[in-house]
Amino acid sequence: MSDEQEQDQLDQHLQSVLLSLVRKHTTRDSTARRVQVLDARTQRFFYRGLQYLAWDAKDQALVSINGLASVTEDADTAASYRQTFNIYQAYAKSFMAVFSQNSPNSRAEADDPMNPLDIAAAAEANKARRIIEKQNPPKALQIDAARLLWTDGMVVTYTRSVSDKDDKPGEKIDLFGVLETRFPMTAGTVAECGYAQINTEHDVAFLKSKFPEAASRITASDSGDEFDRISRLSVAQGMNQQQVNTGNSSAYLATFSRTWMRPWVFEELPDGEDKDALKEAFPRGCYVGFAGETYCESRDESMDDHLALCHALPGDGMHRPSLGKSMMSAQEAFNDMMNLAQETFEYGVPSTWVDQDAIDIDAITEQESKPKMYLPFERQNDASAESHFFQEAAAEPSPSMMSFMQDVQGPLCQFLTGQQPSLFGAEMDAQQTASGYSMARNQAMGVMGLNWLPYVQFWSTVIGQAVRAAAEVRSGTLSALVPSSGKRGQTETVSVDFDALREGKARWTPETDENFPDSYAEKVNKFSSFVQQFGSSAAGQAILQQPDNQAFAKNLLGLEDLVIPGADSRDKQLVEINELLAATPIPDIQGFAAAMQQWQGAAQQAQTTGQQASPPPAQQQFQSSSISVDADFDMHAVEFAEVQTFVNSPDGQKAKAQNPLGFANVRLHGLEHKKVMDAQQAEQQQQPDKKLPRETINFKDMPPAGQAQMAAQAGITLPLQQQQKA
Numbered sequence: 001m002s003d004e005q006e007q008d009q010l011d012q013h014l015q016s017v018l019l020s021l022v023r024k025h026t027t028r029d030s031t032a033r034r035v036q037v038l039d040a041r042t043q044r045f046f047y048r049g050l051q052y053l054a055w056d057a058k059d060q061a062l063v064s065i066n067g068l069a070s071v072t073e074d075a076d077t078a079a080s081y082r083q084t085f086n087i088y089q090a091y092a093k094s095f096m097a098v099f100s101q102n103s104p105n106s107r108a109e110a111d112d113p114m115n116p117l118d119i120a121a122a123a124e125a126n127k128a129r130r131i132i133e134k135q136n137p138p139k140a141l142q143i144d145a146a147r148l149l150w151t152d153g154m155v156v157t158y159t160r161s162v163s164d165k166d167d168k169p170g171e172k173i174d175l176f177g178v179l180e181t182r183f184p185m186t187a188g189t190v191a192e193c194g195y196a197q198i199n200t201e202h203d204v205a206f207l208k209s210k211f212p213e214a215a216s217r218i219t220a221s222d223s224g225d226e227f228d229r230i231s232r233l234s235v236a237q238g239m240n241q242q243q244v245n246t247g248n249s250s251a252y253l254a255t256f257s258r259t260w261m262r263p264w265v266f267e268e269l270p271d272g273e274d275k276d277a278l279k280e281a282f283p284r285g286c287y288v289g290f291a292g293e294t295y296c297e298s299r300d301e302s303m304d305d306h307l308a309l310c311h312a313l314p315g316d317g318m319h320r321p322s323l324g325k326s327m328m329s330a331q332e333a334f335n336d337m338m339n340l341a342q343e344t345f346e347y348g349v350p351s352t353w354v355d356q357d358a359i360d361i362d363a364i365t366e367q368e369s370k371p372k373m374y375l376p377f378e379r380q381n382d383a384s385a386e387s388h389f390f391q392e393a394a395a396e397p398s399p400s401m402m403s404f405m406q407d408v409q410g411p412l413c414q415f416l417t418g419q420q421p422s423l424f425g426a427e428m429d430a431q432q433t434a435s436g437y438s439m440a441r442n443q444a445m446g447v448m449g450l451n452w453l454p455y456v457q458f459w460s461t462v463i464g465q466a467v468r469a470a471a472e473v474r475s476g477t478l479s480a481l482v483p484s485s486g487k488r489g490q491t492e493t494v495s496v497d498f499d500a501l502r503e504g505k506a507r508w509t510p511e512t513d514e515n516f517p518d519s520y521a522e523k524v525n526k527f528s529s530f531v532q533q534f535g536s537s538a539a540g541q542a543i544l545q546q547p548d549n550q551a552f553a554k555n556l557l558g559l560e561d562l563v564i565p566g567a568d569s570r571d572k573q574l575v576e577i578n579e580l581l582a583a584t585p586i587p588d589i590q591g592f593a594a595a596m597q598q599w600q601g602a603a604q605q606a607q608t609t610g611q612q613a614s615p616p617p618a619q620q621q622f623q624s625s626s627i628s629v630d631a632d633f634d635m636h637a638v639e640f641a642e643v644q645t646f647v648n649s650p651d652g653q654k655a656k657a658q659n660p661l662g663f664a665n666v667r668l669h670g671l672e673h674k675k676v677m678d679a680q681q682a683e684q685q686q687q688p689d690k691k692l693p694r695e696t697i698n699f700k701d702m703p704p705a706g707q708a709q710m711a712a713q714a715g716i717t718l719p720l721q722q723q724q725k726a
């Protein structure tokens, strides 16, 4: 349901009933919820670099004590250094880079493979997915999802159709983490939740413009949980709780809470009109939005159609460890050791002791210091100059501490997070061969599969929700330019029939296996290895000469300026196939009528003579494709091969079953290319070989020298007498 398809305004009494239900459910498990929020909040601070944190039991607040010293504290008396050396974020970026190197793919399949309506709906859903992914780039969402999996241990999506003035029309997918969402703490999936809530802070003026009917009642306020609100604001502003409390955010920001409740939640109400009215108004479930405690909107809406949840790791309940949780202790230990080392270096600069009777300290401090200066001194009792000075030994950090610090930064964090050096291209002392390094990388990728497989299933659910949301509010056909499949930087037109999409049922399935997908570099290496091993064989050459494989190789290697013979004709034919599928063959009415007239005459003559008449001409024989071929300039072999590939492909066979006229149109077009090819080949075979003019001469009529030369060319040795004569 789109943002504009709201329930009719509820009366104020039912609005109050919904508010009480929301408050009742979202205040349950408050202690467990506070632990979950504190955990996520701390890790988001760690990601930002605010890592010296302390819990203030008096104010029930998490405060940051980063920095060398506070502005009210004498730096010379500061207890210790509190600089941060953010390896937590460094490992997070490595995970985000690897996790987002390939986007998850999903496809729609017919709910009933024998039902034509379901088959058609699946085909339209797959085209709608491409439009939705253009509006919501999977790569950008995937990077942010990886960040939330690292810091929060959970990512939640809110998917819906938008058409109001504040958003560009289309489908929108937003990501949230622990701080912004709230679920029952004992539940593990959305299906187990009786309620779900998303909380965000907005400027009061924005909310008033979005909900004009409630504008007079919207004020700067929270949604009832000040701890959650302060946590969100402190992370967003990069400040501790005390700084947020003293700021002016509370003066202009209101918390907008979106809450979904299942129909069975109404059973908690006493029997009566309120319970019956809410069940009637929200048979699928209730969505309600409040700005603070001011009612703004409500809809009959199921949370299963709009919310999806993915945990970072398997576990119990809603509060599960994040991917970066295991690194926090290592990060704190690393900070302490780095600060101790820095403090040792700075405060351990050695002092020099001097003989106060022989050395004037004031003169030393006042003298000018320049390179290569010559300074006179007066010897005391023939003593050497060195005897008047003594320099302390420089302080050095403990070698064992420095070694342990290296272990914490490297092997320990790598083991805790599963991010081995081979995952991000670093050197490995224990692996000196390419095969060993590759094996180590495969093992590291296997660990990544623990996060990847749940995510691709999660993304498949999200895309399914987006397609269903689009089908619910759209009708007719929508055409849009989308990135072309397999052709970097190019676009193609996709048309979606939303009426056909609604008439059938499709289910979404992730396109993945148990392995983490190959990176770009790994694909290049595998392709290069294939060319080296099989490129010289007949089968390998046939594979490499296939136009689709040549285009794949060009895109894979990034050789944009490489010209592939016939590539433009291939691309042109791919576009024409889509256009042919959307049209029907053109009948040759006059030709068919003339053929029928001729057949009727022949049939009458055969009847007169008592012979059997030939069958009548088929109407299909007098059709042409909706796109004519150019006999002179088309590369017929390339374009016919592309049509042949499509006809035998799964997409072609699906079109044959679902769109027989469009399939026949494509087939006719291919046969027209083949007809021209056959004609050109026949013409070449009929042309006589052009022979150069020849002149013959008898061997005996040649002069002796010519006879000897011709005989030598033929490998014949003439008798000596004949050679002498020559």
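Position 43 of the sequence shown, counting from 1, maps to 43 under UniProt numbering, and the rest follow consecutively.
Where a beta carbon is used, it is the ideal one built from N, C-alpha and C, also for glycine.
Endpoints, the beta strand (DSSP E) within which residue i is located
i, result
"Gly662", "Run containing Gly662: none in the beta strand (DSSP E); it sits in the alpha helix (DSSP H), Pro660 to Gln686."
"Pro483", "Thr477 to Pro483"
"Gln391", "Phe389 to Gln391"
"Ile173", "Gly170 to Phe176"
"Val235", "Taken as a continuous stretch (DSSP letters only), Val235 belongs to no beta strand (DSSP E), being part of the alpha helix (DSSP H) at Glu226 to Gln237."
"Glu213", "Run containing Glu213: none; DSSP gives neither H nor E here."
Assigned secondary structure, residue i (DSSP; H/G/I helix, E/B strand, else coil)
i, result
"Gln623", "strand"
"Asn360", "Correcting the residue type first, residue 360 is Asp in the shown sequence and not Asn. Three-state DSSP puts Asp360 in coil, outside helix and strand."
"Asp11", "coil"
"Ile589", "helix"
"Phe646", "helix"
"Asn549", "helix"
"Gln707", "helix"
"Tyr81", "coil"
"Asp29", "coil"
"Ile198", "strand"
"Thr608", "helix"
"Asp300", "strand"
"Gly504", "coil"
"Thr151", "helix"
Residue burial classification, residue i (beta-carbon count within 10 angstroms, cutoff 16)
i, result
"Leu148", "buried"
"Asp29", "buried"
"Arg379", "exposed"
"Thr219", "exposed"
"Ala606", "exposed"
"Val467", "buried"
Alpha helix (DSSP H) segment containing residue i, residue limits
i, result
"residue 731", "Shown here, the chain extends from 1 to 726; a query on residue 731 therefore has no answer."
"Lys572", "Ala567 to Leu581"
"Glu133", "Pro116 to Gln135"
"Glu346", "Met328 to Tyr347"
"Glu280", "Glu273 to Ala281"
"Thr259", "Run containing Thr259: none in the alpha helix (DSSP H); it sits in the beta strand (DSSP E), Leu253 to Met261."
"Tyr88", "Ile87 to Phe99"
"Asp701", "Careful: Asp701 lies outside any alpha helix (DSSP H) and carries neither H nor E."
"residue 740", "Nothing can be reported for residue 740: it is not among the residues displayed for the chain, which extend from 1 to 726."
"Ser161", "From DSSP, Ser161 is part of no alpha helix (DSSP H) but of the beta strand (DSSP E) over Met154 to Val162."
"Val204", "Val204 to Lys210"
"Leu416", "Cys413 to Thr417"
Whole-number beta carbon distance between residue j and residue i, since they are thought to touch under 8 Å
i, j, result
"Gly670", "Val647", "7 Å"
"Phe256", "Gly289", "7 Å"
"Ala122", "Ala110", "5 Å"
"Ser231", "Arg41", "5 Å"
"Thr181", "Val156", "5 Å"
"Met303", "Ala196", "5 Å"
Proximity of residue i and residue j at Cβ, strictly below 8 Å
i, j, result
"Glu683", "Val629", "no"
"Glu273", "Phe211", "no"
"Pro104", "Pro483", "no"
"Ile131", "Ala469", "no"
"Pro617", "Ala602", "no"
"Leu233", "Ser249", "yes"
"Gly476", "Phe498", "yes"
"Leu668", "Thr584", "no"
"Ser626", "Leu580", "yes"
"Ala145", "His202", "no"
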